[in-house]
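Here the structure is laid out as structure tokens; the discussion comes afterwards.
Number of protein chains: 2
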Amino acid sequence: MKLQLAIDELNLEEALVQLEPLAEYVDIVEVGTPFVIDAGREAVRQIKAKFPQLEVLCDAKIMDAGAYEAQLAFDVGAEYVTVLGVTDDLTIKGCVEEATKQGRQIMVDMICVDDLATRVPAVESLGVDVIAVHTGADQQAAGRTPLEDLTEMKKHVKNVKVAVAGGISSKTINDYMALNPDIVIVGSGILNAEDPVKEARLIAEALKKG
Amino acid sequence: MKLQLAIDELNLEEALVQLEPLAEYVDIVEVGTPFVIDAGREAVRQIKAKFPQLEVLCDAKIMDAGAYEAQLAFDVGAEYVTVLGVTDDLTIKGCVEEATKQGRQIMVDMICVDDLATRVPAVESLGVDVIAVHTGADQQAAGRTPLEDLTEMKKHVKNVKVAVAGGISSKTINDYMALNPDIVIVGSGILNAEDPVKEARLIAEALKKG
């Protein structure tokens, strides 16, 4: 079980500093969508250069031009790039073809996919590596959590890895562990904690028990 | 009727050079999604600084954290930012609130929205400024054009402005003009033309006749 740290609201300089004491607890560093808007793919390049032992995910949330946009991320060292589950199958296929060419991985973000029972098997059949249940920040603010969606998704997944994101912290990690995801994505749960290093350690320890 | 030039596959240095002779024909410069992934919002800032007479659109294709991501684009001088029509209403509302606060505009990209008859009125009621019919690059490669979708969308729009994108060039511009869009978005049609300046001029002249 891997811990993915999502960085959304830091600039590149801050991110490089804040990652230092957290790196030992983290498996994957996510350059989150707002971070991509802010700093572009240079963020992926510099994080990978400074922390070569960590995998980096570029949360580009690709919606079109799959092969081209995936290549932009892979060329600067991303191990994973995200594509949206709501997009066209052709776009997901383009991402998968580029990932196969470069020996990298595609994570499908299922944010705003209504019908998981239909879409999860369809997306899995396209050859993606990870499918992520994701309750968005705006949906979380309205009181939703990804726990139900993870339960639902687990019913429809065959062999693909599963990730889960959306307001997870050390207080709620055990609820998610019970559902055995492959990747747990935590962002503000760690970065906005009073003691981010302690929070990262607690979550990493919980994942090791799983 | 405005001409929006979409820059997708240039880096920032190339974009600033190639824009120079095109600027007189263009109303809105779009920092396209791959360009955002490549250069981040710095691209918006530098294009606006060099061409203050032009409006700049940041094609962030927002899917979550609407207010926060819209602010990232507006703070560097974007007049417009895009949000996806397939996302949650809460995210679109967040974008609209931020745009209202800053006196800027929200364009909704309807790429991969299946049911325009239902979604166009819903999106319009959220207070957005522009709704864009968009046939993605991957869909175009499969033979689709945005002409039918524009016809369909025009039936459901009340007061909001309409934009259209997807493989438009001086050869096809008159087909679109007949449907009276407010903004015509052209990317590779101009930038990959043998003579980009001539192509931009031809399209701008066609728009003036409309």
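Line by line, the protein sequences are chains A and B. Residue numbers 226 to 435, in our numbering, belong to the letters of the first sequence in order. Residue numbers 226 to 435, in our numbering, belong to the letters of the second sequence in order. We treat Cβ as the ideally placed atom computed from N, Cα and C, and that holds for glycine.
Per DSSP, cross-strand counterpart(s) of residue i
i	result
B/I253	B/Q229, B/E280
A/H359	A/A390
A/T307	A/M332
A/I408	A/K227, A/A388
A/I287	A/V308
Below-9 Å beta-carbon distance, residue i vs any chain B residue
i	result
A/Y293	yes
A/L309	yes
A/I415	no
A/T325	no
A/V298	Just to set this straight, residue 298 of chain A is Ala in the shown sequence, not Val. It does; some Cβ of chain B falls within 9 Å.
A/R319	This sequence places Gly at residue 319 of chain A; Arg is not what is there. Answer yes: the Cβ-Cβ gap between A/G319 and chain B drops below 9 Å somewhere.
Interface flag, residue i vs chain A, CB-CB below 9 Å
i	result
B/N304	Sequence check: residue 304 of chain B is Glu here, not Asn. Judged by the 9 Å Cβ criterion, B/E304 is not in contact with chain A.
B/I336	yes
B/A366	yes
B/A347	no
B/G392	no
B/L315	yes
B/T312	yes
Residue of the options minimising C-alpha distance to residue i
i	options	result
A/G319	B/A367, B/T376, B/Q278, B/E234	B/A367
A/A221	A/K227, A/E234, A/G265	Residue 221 of chain A lies beyond the range of chain A shown here (226 to 435); nothing can be said about it.
A/T307	A/P246, A/L351, A/L315, A/M288	A/M288
A/V242	A/A429, A/L416, A/L427, A/E424	A/L416
B/C337	B/L404, B/G310, B/K386	B/G310
B/V251	B/E267, B/I232, B/G265, B/E294	B/I232
A/E238	A/V254, A/E255, A/I253, A/A264	A/A264
B/R369	B/E255, B/G392, B/D339	B/G392
A/E215	A/S413, A/K396, A/E419	Here chain A comprises residues numbered 226 to 435, so residue 215 of chain A is not present and cannot be evaluated.
B/A362	A/Y293, A/A268, A/A324	A/Y293
A/V301	A/K286, A/T316, A/G291, A/V281	A/V281
To be precise: take each residue of the region 262–289 of chain A, compare its Cβ to all Cβ atoms of chain B, and keep it if any distance is under 9 Å. Which residues remain? I262, D263, A264, G265, R266, E267, A268, C283, A285, K286, I287, M288, D289
Going along the chain, which residues of the region 359–383 of chain B sit with their C-beta nearer than 9 Å to a C-beta in chain A? H359, G361, A362, D363, Q364, A366, A367
Beta carbons nearer than 8 Å to chain B: which residues of the region 231–265 of chain A have them? D233, E234, T258, P259, V261, I262, D263, A264, G265
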